[in-house]
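Protein chains in written order, with the working numbering: chain A, 6 to 146; chain B, 35 to 161; chain C, 349 to 445.
This report refers to the structure that appears directly beneath it.
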Amino acid sequence: MKDFILKRISAIILPFICIYGFYVILHGHISPGGSFAGGIIVGLSFIAFSTVYGTEKGRSKLPEKVLIWIESYGTLWYGIMGMVGIVKGVPFLANKLAGINLGEPGTLSSGGLISLIGIGVGIRVASTMVTLFFTLMEEES
Amino acid sequence: MSILLEKLIINYPYSIAVVLFIIGALTVLTRSSLFKKLLGINIMETAVFLIFIAAGNIRGGTEPILSEGNPGTVYINPLPSALMLTGIVVSVSVTAFALALIIRLHRTYGTTDANCIAQMRKEVIDR
Amino acid sequence: MKIRNLLILLVALLASYGMLIAAAELPPYGIPDNPIHNQVSERYVNGALEDTGVPNIVTAIVLDYRAYDTMFETIVLFTAAIAVVITLKSWKKAGER
């Protein structure tokens, strides 16, 4: 009885939680939140899914190769975004000195490198949470 | 004595953080289960974050997001909140690694009681 | 109760008395003249819109003024995830571990 209610309600609510997490990551420079809080919300939606439905179904949605790929390239993305400044002759991780067009403040496409780096950090934090959960839950007894 | 109490009530976030720190330290020292020691370490870290973030508050100020209101609004200090964001991430990493070490200890010794594990280690060294 | 628990409680009471006296001598809570509000946070609040073009001041500090610290913090998260995976994977080559 308890399993039936949990499965029906979580099948309706969990996609909305995932979309809300992506909204918080993308609007990190306009409203409060930012990349770290949004990444944890997206990771928690996957953890709740694999708690209710079992670990095999959770593994089939996010196999190990995809998680390792997202985690490694997410960390490298930060360093590559910093190299934009070195190519133009200004210090590492420069935003306005490198001559990037900043746009008008208040819209989604403002800030230059800030929103791009924020998306990378958010997806990386979500993948770390899911990796830690799967490794701790799958010990053989 | 009453002057000390008045000053403590004016600075109420700092005194609550000190009480939380002492509670966390007592939990680590007196309980003998490994999970409870880990929770005590987490409570101590929460007390340290509370002192830093509460020190940057201004009474009557708004959140530090620039809006087109009347010029002359007072924004609270954004620097302690931005610096403690890194500390929270470090606390999560330490908790995750400590949980992995507890699982390995349980596989080797069969129990999660700190006193029993110390007893078993002493018998191995004495042999 | 055991002697060890009583001694621990005594030391904790003495330490808490000392720390409460230190907490009472800190500057009062919430006054805008505290020494913590110096010229560094004024520079960040006044110059955030021209230097970065982003109205959220905390994101502008974390990802533009001090982006070096955030890079090393993502490396710390990466190291923690790898350390957990290495500790818990059981290598099945040498029989039973």
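Where a beta carbon is used, it is the ideal one built from N, C-alpha and C, also for glycine.
Using the three-state DSSP reduction, which class does residue i fall into: helix, strand or coil?
| i | result |
| --- | --- |
| S67(B) | strand |
| N353(C) | helix |
| D8(A) | helix |
| D412(C) | helix |
| D417(C) | helix |
| R161(B) | coil |
| I14(A) | helix |
| F138(A) | helix |
| D381(C) | coil |
| T112(A) | coil |
| N76(B) | helix |
| L84(B) | helix |
| I105(A) | coil |
| G84(A) | helix |
By DSSP's criteria, residue i is part of a beta bridge. Which residues make up the other side?
| i | result |
| --- | --- |
| Y109(B) | T96(B) |
| N404(C) | I99(B) |
| D147(B) | S67(B) |
Taking the straight line between their C-alpha atoms, what separation do you get for residue i and residue j?
| i | j | result |
| --- | --- | --- |
| V433(C) | E421(C) | 19 Å |
| T407(C) | E390(C) | 16 Å |
| A89(B) | I384(C) | 8 Å |
| L31(A) | D8(A) | 35 Å |
| I356(C) | V82(B) | 22 Å |
| M55(B) | I77(B) | Per the sequence shown, residue 55(B) should be read as Phe rather than Met. Near 7 Å, if we compare the C-alpha coordinates of I77(B) and F55(B). |
| E102(B) | G111(A) | 11 Å |
| A16(A) | L141(A) | 24 Å |
| G395(C) | Y109(B) | 14 Å |
| G3(A) | F41(A) | Because residue 3(A) is not part of the residues shown, which for chain A are 6 to 146, the question remains open. |
| G144(B) | E143(A) | 18 Å |
| R445(C) | T142(B) | Low confidence applies here, because R445(C) scores a pLDDT of 47, under 50, leaving its location unreliable; read the following figure in that light. Using only the alpha carbons, I get a separation of about 9 Å. |
| L39(B) | E373(C) | 12 Å |
| T56(A) | S65(A) | 14 Å |
| E61(A) | Y377(C) | 52 Å |
| I87(B) | V158(B) | 48 Å |
Exercise for the section: Taking a Cβ distance cut-off of 7 Å, strictly less, list which residues of the segment 111 to 123 of chain A are near chain C, in chain order. Expected result: Cβ contacts with chain C come from G111, S115, G116, I119, I122 and G123.
Handout entry: Meets three-Cβ-pair contact criterion under 8 Å: the segment 355 to 363 of chain C and the segment 60 to 79 of chain B
Key = yes
Problem - Contacting positions in the segment 35 to 48 of chain B - beta carbon closer than 8 Å to chain C - result: L38, K41, L42, I44, N45, Y46, P47 and Y48
Handout entry: Inter-stretch contact at 8 Å, needing at least 3 Cβ pairs: the segment 65 to 73 of chain B / the segment 124 to 142 of chain B
Key = yes
Practice task
Taking only beta carbons into account, state which residues of the segment 17 to 44 of chain A come closer than 9 Å to chain B, listed in chain order.
Solution key: I35, S36, P37, G39 and F41
Handout entry: Short-range partners of chain C found in the segment 78 to 98 of chain A, where Cβ spacing is below 9 Å
Key = Going along the segment 78 to 98 of chain A in chain order, one finds G79, T80, Y83, G84, G87, F97 and L98 with a Cβ nearer than 9 Å to chain C.
Problem - Contact the segment 91 to 109 of chain A vs the segment 123 to 135 of chain A: 3+ CB pairs below 8 Å - result: No: fewer than three Cβ pairs fall under 8 Å.
Practice task
Would you be able to state if there are at least three C-beta pairs under 8 Å between the segment 107 to 125 of chain A and the segment 143 to 158 of chain B?
Solution key: no
Problem - Interfacial residues, the segment 395 to 407 of chain C to chain A, with Cβ spacing under 8 Å - result: L397, D399, T400, G401, V402, P403, N404, V406 and T407
Handout entry: Members of the segment 127 to 144 of chain A near chain B, C-beta cut-off 7 Å
Key = L137, L141 and E144
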